[in-house]
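Residue numbers for the sequence shown follow our numbering, beginning at 3 and rising by one. From the three backbone atoms N, C-alpha and C, an ideal C-beta is built for every residue, glycine too. Below is one structure, written out as structure tokens, with a few remarks after it.
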Amino acid sequence: MDKTPQFRVGADPDLVFRPIQRRPLTDAGRIKRKKFYNSAAWQRCRRLKLLRDPMCASCAKEGRHVAAAHVHHMIDLADAPELALTYSNLESLCHPCHSRETLKRLREERHERDSLPGIR
Numbered sequence: 003m004d005k006t007p008q009f010r011v012g013a014d015p016d017l018v019f020r021p022i023q024r025r026p027l028t029d030a031g032r033i034k035r036k037k038f039y040n041s042a043a044w045q046r047c048r049r050l051k052l053l054r055d056p057m058c059a060s061c062a063k064e065g066r067h068v069a070a071a072h073v074h075h076m077i078d079l080a081d082a083p084e085l086a087l088t089y090s091n092l093e094s095l096c097h098p099c100h101s102r103e104t105l106k107r108l109r110e111e112r113h114e115r116d117s118l119p120g121i122r
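Quick look at the structure:
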């Protein structure tokens, strides 16, 4: 798949066709995240959440009954690692809803990063 570059339109002509810089997850961050999601503690916590709340929370708000497949951190793991195993910070979601929530978070991060002065 060929991805087209994304461009930022700005007042400065030098910046008009400058590709958006993405902040890559470092190797250390990737390893730490993978280690957490493979841990026995997370697997138990995830299993418990899906047993207690087997239906997608987002779909339930819209009156639909869809089985949950993912457990989502409402406050992201990177923002609050101390809440990683906190039951009240977890939400059971179906695959489409989890993808939507993840995409929304990534867009918010990009918007915050782009709105900082001097960072392009």
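query                                                                                                                                                                                   : result
Alpha carbon to alpha carbon, how far is Leu-108 from Tyr-39? Give it in angstroms, no decimals.                                                                                        : 19 Å
Along the chain, which unbroken stretches of the alpha helix (DSSP H) at least 4 residues long are found entirely within the stretch 24-103?                                            : 29-39, 42-54 and 59-63
Please state if the CB of Leu-92 and the CB of Val-68 are separated by a distance shorter than 8 Å.                                                                                     : no
Can you find the residues in the same chain that come closer than 8 Å, C-beta to C-beta, to Leu-87, ignoring five residues on each side of it along the sequence?                       : Ala-43, Trp-44 and Cys-47
What's the C-alpha gap between Pro-56 and Cys-96?                                                                                                                                       : 10 Å
Measuring only the C-alpha atoms, how far is Ser-90 from Ile-33?                                                                                                                        : 26 Å
With distances taken Cα to Cα, identify the nearest neighbour of Glu-103 among Arg-35, Lys-51 and Asp-78.                                                                               : Asp-78
Give every residue of the same chain whose Cβ lies closer than 8 Å to the Cβ of Ala-70, excluding the five residues on either side of it in the sequence, and list them in chain order. : Leu-52, Asp-55, Pro-56, Met-57, Cys-58, Ala-59, Ser-94, Leu-95 and Cys-96
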